[in-house]
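Some notes on the structure that comes next.
Number of protein chains: 2
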Amino acid sequence: MESESIDSPDMSNAEFAKALERVSDWIVSYRTRVGGLPVLSRIQPGDIEKALPSSAPLEGEPVEAWLKDLEDIILPGVTHWNHPGFMAYFGITGSAPGILAELIGGAINTNGMLWKTCPALAELERVVLRWYATALGLPDWFGMITDTASTSTLVALAAAREATGLDVRQEGLSGKPPLALYCSEEAHSSVDKAGLVLGVGMQGIRRIPSSEAFRMHVDQLEAAIEKDRQDGKHPFAVVATVGTTSATAVDPVREIAAVCRRHGLWLHVDAAYAGSAAVAPEFRWTLDGCDQADSLVVNPHKWLFTPIDCSALFTSRPDIFRNAFSLVPEYLRTDVRGAVDLMDYSFQLGRRFRALKLWFVFRHFGTRGIAARIREHVRLAQELTSWIDAHPQLERLAPAPFSVVCFRVHPAGMEEEPDLERLNASVLQKVNATGEVFLSHTKLKGRYCLRVAIGNLQTNLERVRRAYRLVCEAAGIPATGI
Amino acid sequence: MESESIDSPDMSNAEFAKALERVSDWIVSYRTRVGGLPVLSRIQPGDIEKALPSSAPLEGEPVEAWLKDLEDIILPGVTHWNHPGFMAYFGITGSAPGILAELIGGAINTNGMLWKTCPALAELERVVLRWYATALGLPDWFGMITDTASTSTLVALAAAREATGLDVRQEGLSGKPPLALYCSEEAHSSVDKAGLVLGVGMQGIRRIPSSEAFRMHVDQLEAAIEKDRQDGKHPFAVVATVGTTSATAVDPVREIAAVCRRHGLWLHVDAAYAGSAAVAPEFRWTLDGCDQADSLVVNPHKWLFTPIDCSALFTSRPDIFRNAFSLVPEYLRTDVRGAVDLMDYSFQLGRRFRALKLWFVFRHFGTRGIAARIREHVRLAQELTSWIDAHPQLERLAPAPFSVVCFRVHPAGMEEEPDLERLNASVLQKVNATGEVFLSHTKLKGRYCLRVAIGNLQTNLERVRRAYRLVCEAAGIPATGI
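Rendered as structure tokens:
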């Protein structure tokens, strides 16, 4: 029996080499010109759907055809997180070493579900997470790389639920006392989502009020735990945040840890954004008390120059994760002594070679280079802070300990919140329409504010000045101080 | 205030272009020589940990240094899923277009949590999933790309739990009736893991016996549902498998769907491996009845030439997913009409540009090219099947409808299972030690068997013959028939 004709199962080496060259050229060109493109895509919903065929081609097409569509159809629909004017959400940045690693990882295309299925993946993950923990001043905990902080927090809180001893793994949650989970009102929505998935329910998620500096009130945390106990609830975990999403506030982790110890609760720390600051010695305080945590998440794809996705989950109690998740069917049994199979610590089985990019990032920049770049981002944010603070018609709405500044335009005499919100929303809309920068907004204690987040390697003082000027222009106020 | 000196925030364009060239050369070389490397890594646990420094470098190092370590330290620790002799688990394969897309995705480094944060990502995901659904003969359902089938199944079963109307989202599972979830005894472990995470508990997961062909017994499914109802349990979902992990059996989906309809249960189909076969018209039967499902997962990173990770989750009931997961904090509120924000349908917020690789794969191969390659994999497996069936000392232990063959060495007179297991485990060990092929094992109805899974684009008839010969040699029997 002969095979039907397939000219070549994949591209030939020569074709592939040529395509790699073309794509490499495109990427270098893209990185060169991205600062001149509009940050925020200007297409309308449906534009790309309409521009592409409704079904896949029957026959293959040459690489030139897809690269042309990439340039003509896809690129205008990209919001450029690589743009030096991207200052929304958390400004993030890939980097050359990270991109090279994604290329290599795609080519090696291995799946590290078991140690045996790619020992290099399992061991490099161990090595780079040790490097990372050491650079952050954390203990040499067990670590694993997941896709996002949402997953890391979900996995950690599943372990926390396991640690209750209620045997939810075997018996399920029905018939158990209602669980209660604590975080501050400023915690990320991923905590709620984890609570939903785990069957805790919104009613079991307590959002503890925060101080004027947006840090969790520890006395109110403890009071809530005690009240829940009296009411027959079963408190099981606290999520402390190091760098809240809106204001980058740092919860008092050491005090929260003491509460957790007193009440036998799991402490998970969400340091997804701000944790990486601790690579710089003067920001080591950021993770103060975190050595008392049971688990901690910090995302290299946020502020460590690593392309998305890459989230690091550390824990001092890996055995609990194993108890929560390990489940080895026959077809995955191995007999390798001394090997750690990462699938045993999470619900995810397939696992790509993400450690490569973190490794390349550390080797290219070195910890001193990383610290210098983080320091520079903070410096830029502090410059902006100083202009805002000196401006009579601008009002800062939160401390700015890192590289994020929350503020609003506040003309003399305008005191009604709805008026201020309308004004600032309109300023935001005008600024973003320029395409030169992209800012986002949030609300702090009910007050609408503009949010500038600096985290891109290409952002410089000139671009921050420009952002400031654009805000002032949109608000019709002078751009003083710069 | 002046910045401290950072020579260049990232590699210069010239350096980066040169590094891309070096890495491209390395990749082309790797792809050329991978077939001559040992498939299964031969390192011992700890070898790579010992070979690398225990902390990150202080100062950056040149790209040559990391690439040298990649070659000398990392590569020997890689189990080569790219190797044409990789026939373990599910043989998978990346492809040139997929690798190019990973490179571009890493460079664009966008996060599609909202439509607005990368419209191209959201819309291309919609377009390629429509292409995929159409190619598989599925309805034009709502779809989203996740990392792995484990995540897809977890998200789908969270939606199923939401569809019960028990308001688990708000109230949690405590105080609700015990949930029950059904799948066959041959279903993947990810179903159990989803059940654990969701708070169903192992006691709530019913593994329904399967037939001699490893297909779920539908009458026993229905009996189990009825019994659970009588016992005060709350049945909520059935997972049918299209291509079970061990034997690639296809559950009778249409009949299972009828049971689900009768009892008001959610039907999730796990077609992670075999679903893609339906791209070939003669395998369209594979997904028969799946149009009746509420959700279905199929993984392009398994049998659609797409680098890991890429899992497609389709659903006819996207509103239920939204009800289960949507939760929009102020800082993520947008005002774009007609746009779908993918974060509302899952617990994961961050989302990388995975649609690119699926797009490139379709455009490079075309659906005919994809079908031809799947057909070829099945043909190779059928050849192997014919040699096994004709061999008096080999015994096939399951039907082989796709590209996976389960069999064992069975010498005349050896009838005790422990003896057969010992013999076959030893054959497996010897075959894998050659480094020419890598097979895995499983148990079917308690019988230990060898498992050959063909799914790599570079696997050809010669390599399959070699695998067969190696098994026969290791067992000390003649390699007849080839």
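If you read the sequences in order, they're chains Y and R.
If you count the first sequence from 1, position 478 lands on 478 in the numbering used here, and the numbers rise without skipping.
To convert, take the position in the second sequence, counting from 1, and add 1000; that gives the numbering used here.
We treat Cβ as the ideally placed atom computed from N, Cα and C, and that holds for glycine.
Secondary structure at residue i, three-state DSSP: helix, strand or coil?
i, result
"CYS449/Y", "strand"
"ARG408/Y", "strand"
"ALA1271/R", "coil"
"LEU296/Y", "strand"
"VAL1200/R", "coil"
"TRP1131/R", "helix"
"PHE1321/R", "helix"
"LEU394/Y", "strand"
"GLU1004/R", "At GLU1004/R, the pLDDT of 48 sits below 50, so the modelled position is not reliable; the number obtained from the coordinates is stated separately. It is coil, neither helix nor strand."
"LEU313/Y", "strand"
"VAL39/Y", "coil"
"ALA479/Y", "coil"
"GLY1077/R", "helix"
"MET113/Y", "coil"
"ARG1207/R", "strand"
"PRO1235/R", "strand"
"THR1459/R", "coil"
"ASN1013/R", "helix"
"THR1442/R", "strand"
"THR385/Y", "helix"
"ALA1101/R", "helix"
Can you tell me the Cβ-Cβ gap for residue i and residue j, rounded? I've got them flagged as a contact below 8 Å.
i, j, result
"LEU470/Y", "THR434/Y", "6 Å"
"ALA1149/R", "VAL1297/R", "5 Å"
"LEU173/Y", "HIS234/Y", "With 8 Å as the limit, LEU173/Y and HIS234/Y do not qualify as a contact, their Cβ atoms being about 10 Å apart."
"ALA1122/R", "GLY1106/R", "In fact, because the Cβ distance is near 19 Å, the residues do not count as touching under 8 Å."
"SER210/Y", "SER184/Y", "5 Å"
"TYR89/Y", "SER386/Y", "The pair is not a contact, with the Cβ atoms about 23 Å apart (cut-off 8 Å)."
"GLU49/Y", "THR1442/R", "Incorrect: roughly 42 Å between the Cβ atoms, too far for contact."
"GLY1085/R", "PRO119/Y", "Their Cβ separation, rounded to whole angstroms, is 18 Å, which puts GLY1085/R and PRO119/Y out of contact at 8 Å."
"ASN1323/R", "GLY94/Y", "About 35 Å separates the two Cβ atoms, so there is no contact after all."
"PRO1307/R", "GLY1232/R", "PRO1307/R to GLY1232/R, Cβ: 47 Å. No contact."
Measuring alpha carbon to alpha carbon, tell me which residue in the options is nearest residue i.
i, options, result
"ALA240/Y", "LEU420/Y, ARG254/Y, GLY98/Y", "ARG254/Y"
"ALA474/Y", "VAL437/Y, GLY204/Y, LYS443/Y", "VAL437/Y"
"VAL1431/R", "LEU1154/R, TRP1131/R, ARG1466/R", "ARG1466/R"
"VAL1023/R", "GLU102/Y, PHE325/Y, ILE6/Y", "GLU102/Y"
"GLY36/Y", "LYS68/Y, ASP25/Y, GLU21/Y, HIS83/Y", "HIS83/Y"
"ASP1147/R", "ARG1352/R, THR1385/R, ILE1370/R, GLY1446/R", "ARG1352/R"
"VAL1378/R", "GLN1220/R, VAL1328/R, GLY1091/R, PRO1139/R", "GLY1091/R"
"LEU1267/R", "ALA1237/R, THR1248/R, GLY1243/R, THR1286/R", "ALA1237/R"
"PRO1053/R", "VAL127/Y, GLU226/Y, VAL200/Y", "VAL127/Y"
"GLY476/Y", "LEU70/Y, ARG368/Y, GLN393/Y", "GLN393/Y"
"GLY199/Y", "LEU1166/R, GLN1203/R, THR1079/R, MET1216/R", "LEU1166/R"
"ILE1006/R", "LEU420/Y, ARG375/Y, ASP419/Y", "ARG375/Y"
"ASP419/Y", "ALA293/Y, ALA398/Y, PHE407/Y, TYR448/Y", "TYR448/Y"
"PHE142/Y", "ASP341/Y, PRO97/Y, LEU349/Y", "ASP341/Y"
Tell me whether residue i is buried or exposed, calling it buried when 16 or more other Cβ atoms sit within 10 Å of its Cβ.
i, result
"SER3/Y", "Its pLDDT being 44, under 50, SER3/Y is placed unreliably in this model, and the value from its coordinates should be taken loosely. So SER3/Y counts as exposed."
"SER295/Y", "buried"
"ALA272/Y", "buried"
"GLU64/Y", "exposed"
"SER12/Y", "exposed"
"SER1029/R", "exposed"
"ARG1042/R", "exposed"
"VAL328/Y", "exposed"
"LYS116/Y", "buried"
"ALA213/Y", "exposed"
"ALA390/Y", "exposed"
"TRP285/Y", "exposed"
"LYS193/Y", "buried"
"THR1480/R", "exposed"
So residue i contacts chain A; which residues on that side make the cut at Cβ distance below 7 Å?
i, result
"TYR1030/R", "This model lacks chain A altogether; the protein chains it does include are Y and R."
Using 8 Å as the cut-off, can you tell me whether the segment 398–411 of chain Y makes contact with the segment 445–463 of chain Y, which would need three or more C-beta pairs spanning the two stretches below that distance? yes
Three or more C-beta pairs closer than 8 Å, one from the segment 1421–1437 of chain R and one from the segment 1052–1063 of chain R: is that the case here? no
Three Cβ pairs or more, each shorter than 8 Å: is that satisfied between the segment 1306–1322 of chain R and the segment 1408–1416 of chain R? no
So, do the segment 1210–1228 of chain R and the segment 1300–1311 of chain R have three or more beta carbon pairs nearer to each other than 8 Å? no
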